[in-house]
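Undergrad:
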Amino acid sequence: MIDRRLLTNIDWILAGLVLTVCLLGIMNIYSATTPYKIVGIAYYIKQLYWMLAGITISLVVCSLDYHILEDLSYWFYGFLILLLLAVLIVGKRSMGATRWLNLGLFNIQPSELMKIVIIVTFARFFNNFHTIGGLTVRDLLIPLSLLALPAVLIMKQPDLGTATLIILIAISMAMYVGLRWSAIVTFICITIPMAWVGWAYLLRPYQKNRILDFLNPERSRLGSGYHIIQSKIAVGSGGFTGKGFVKGTQSQLRFLPEQHTDFAFSVFAEEWGFIGCLVLIFLYLSLVLWGLNIARRCNDRFGGLLAVGVTAMLFWHVVINMGMVIGMFPVVGVPLPFFSYGGTSMITSMVAIGLLQNISMRRFMF
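Numbering-wise (my numbering), the sequence shown opens with residue 30 and increments by one.
(1) Looking only at DSSP bridge pairs, what is Lys121 linked to?
(2) Which word fits Tyr65, buried or exposed, when buried means at least 16 other C-beta atoms lie within 10 angstroms of its C-beta?
(3) Which residues share a DSSP beta bridge with Ile137?
(4) Taking its Cβ as the centre, do 16 or more other Cβ atoms sit within 10 Å of Phe269, making it buried, or is it exposed?
(5) I'd like the list of long-range same chain contacts for Ile84, defined as Cβ closer than 7 angstroms, with 5 residues on each side in sequence excluded.
(6) Please identify the residue among Ile388, Thr290, Phe297 and Ile240 whose C-alpha is closest to the C-alpha of Ala263.
(7) Should Asn131 go down as buried or exposed, given a rule of 16 or more other Cβ atoms within 10 Å for buried?
(8) Determine contact between the segment 162-169 and the segment 206-221, defined as no fewer than three beta-carbon pairs at a distance below 8 angstroms.
(9) Taking the alpha-carbon of Asp168 as reference, which of Thr191, Glu141, Ile213 and Ile198 has the nearest alpha-carbon?
(10) If you draw a straight line from the alpha carbon of Ala61 to that of Asn156, how long is it in whole angstroms?
(11) Are there 16 or more other CB atoms within 10 angstroms of the CB of Thr220, so buried, or fewer, so exposed?
(12) Using DSSP with H/G/I as helix, E/B as strand and the rest coil, what is Leu178?
(13) Does the distance from the C-beta atom of Phe105 to that of Val149 stay below 8 angstroms?
(14) For Thr290 and Glu141, which I take to be in contact (beta-carbon distance under 8 angstroms), what is that distance rounded to the nearest angstrom?
(15) What alpha helix (DSSP H) runs, 4 residues minimum, are completely inside the segment 263-333?
(16) Taking the continuous alpha helix (DSSP H) assigned at Leu43, which residues delimit it?
(17) Beta-carbon within less than 7 angstroms of Thr63's beta-carbon, same chain only, minus the 5 sequence neighbours each way: which residues are those?
(18) Ignore the nearest five residues each way along the sequence and tell me which others in Ile42's own chain have a CB closer than 7 angstroms to its CB.
(19) Ends of the alpha helix (DSSP H) at Tyr78?
(20) Assuming Leu178 and Ile118 make a contact with CB atoms under 8 angstroms, what is their CB distance in whole Å?
(21) Does Cys218 pass the burial test, meaning 16 or more other C-beta atoms within 10 Å, or should it be called exposed?
(22) In the DSSP assignment, find the alpha helix (DSSP H) that holds Phe368 and state where it starts and stops.
(23) So for Leu164, helix, strand or coil by DSSP?
(24) For Phe294 versus Leu365, is the C-beta distance shorter than 8 angstroms?
(25) Any idea what DSSP makes of Leu101, helix, strand or coil?
(26) Helix, strand or coil for Leu208, going by three-state DSSP, please let me know.
(27) Taking the beta carbon of Thr278 as the centre, do at least 16 other beta carbons fall within 10 Å, making it buried, or is it exposed?
(28) Measure the alpha-carbon distance for His346 versus Val363 and round it to whole angstroms.
(29) In three-state DSSP terms, what is His256?
(30) Is the Cβ-Cβ distance between Leu112 and Ile147 less than 8 angstroms?
(31) Just checking, does the segment 180-197 make contact with the segment 328-340 on the three C-beta pairs under 8 angstroms criterion?
(32) Within 8 angstroms of any Cβ in chain D, is that where the Cβ of Met357 sits?
(33) Helix, strand or coil, according to DSSP, for Phe158 in the structure here?
(34) Nearest by alpha-carbon distance to Ala341: which of Phe284, Arg233, Asn387 and Met202 is it?
(35) Which of helix, strand or coil does DSSP assign to Arg392?
(36) Look at the alpha carbon of Phe292 and the alpha carbon of Ser266, and state the distance between them as a whole number of angstroms.
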């Protein structure tokens with residue numbers, strides 16, 4: 030049963046920000062897919078269905094006391110590790126990557142769910158672990174072990190973008206708890222040789238090309254650098270006020286690859302220009318700041334850590350996607366939350382918002 034007191038404490042600012050971005054995303058997907066010859070249900074209609082399904086799931090998440098997650102976190106973690114192993118063994122292969130499990134009626138992408146699970150797992154660990162003066166290297170051995178296993182399994186799929194996001198979320202939560210300078214210096218010193226090992230032995234050729242294209246897109250204008258070049262043209266050609274709705278040449282003439290998924294922001298920038306981009310960035314900034322505000326107002330440490338983790342997940346999604354489409358980061362296939370087309374991304378993001386809403390609503394009850 031849903032406690033009636035919760036209904037009076039709904040965070041309407043959080044709900045309004047998310048709904049506004051979702052509706053802008055559906056409108057953008059309609060424009061981006063106008064030149065497609067679509068058989069069956071249109072992409073923007075599917076996205077609307079996913080949004081409604083996500084809202085429903087978010088309401089379910091709100092109805093449950095988030096403190097239950099603390100007891101179940103390690104069970105969820107173990108279950109997701111098994112699913113990630115299953116992906117590598119019997120997963121569905123698509124476009125050179127194995128990221129999906131076919132469950133008959135639908136497919137699931139365990140790596141997306143791991144974003145939420147790693148937040149809950151780290152929140153439980155740091156909630157039960159107290160230190161004075163910040164975390165030391167020894168203090169970080171257990172959380173780093175919890176992080177390394179899913180990160181390696183996701184990289185093996187390969188899915189560098191999601192693995193990077195999980196690592197950034199974990200680092201953000203650790204920094205919120207507090208790190209000693211010795212731990213930060215040690216982490217940096219370890220990261221440099223690990224980056225070399227990753228480049229030499231872990232990254233696939235196409236992933237190396239994405240990094241090289243980030244450094245110099247002109248090295249392969251019609252090959253691996255084509256995506257980022259066309260994206261930068263789309264963003265730049267929008268000018269100050271944009272070309273208008275459904276009037277972007279890069280998207281309507283289909284020069285822009287993946288224009289309704291990873292590069293949805295490029296379509297929006299071309300059609301609505303600098304002014305439109307400012308509005309969208311302001312909405313995301315408000316969402317991130319409001320998430321941090323929820324963490325600050327939370328009455329218990331576990332809830333605060335959950336809110337910080339969820340906010341970090343949304344923040345890094347936005348930063349990496351927008352940075353990717355304007356050439357500030359390599360192309361890693363990270364969607365823009367609530368905006369890019371995709372059911373798994375929408376559901377995962379809505380679960381995250383459900384957690385934030387849950388924490389915000391229950392601050393009056395504890």
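Note that CB positions come from ideal geometry on N, CA and C, so glycine has one too. On a predicted model such as this, the values are computed, not experimentally measured, just so you know.
TA: Concretely, from the data shown:
(1) Trp129
(2) exposed
(3) Leu130
(4) exposed
(5) Met379
(6) Phe297
(7) exposed
(8) yes
(9) Ile213
(10) 44 angstroms
(11) exposed
(12) helix
(13) yes
(14) That pair is no contact at about 14 angstroms.
(15) 278-281 and 293-326
(16) Trp41 to Ala61
(17) Val275 and Gln281
(18) Trp319
(19) Tyr72 to Ser92
(20) About 16 angstroms; that fails the 8 angstroms criterion.
(21) exposed
(22) From DSSP, Phe368 is part of no alpha helix (DSSP H); its letter is neither H nor E.
(23) strand
(24) yes
(25) helix
(26) strand
(27) exposed
(28) 7 angstroms
(29) helix
(30) no
(31) no
(32) You won't find chain D in this structure, because it holds only one protein chain.
(33) coil
(34) Met202
(35) helix
(36) 15 angstroms
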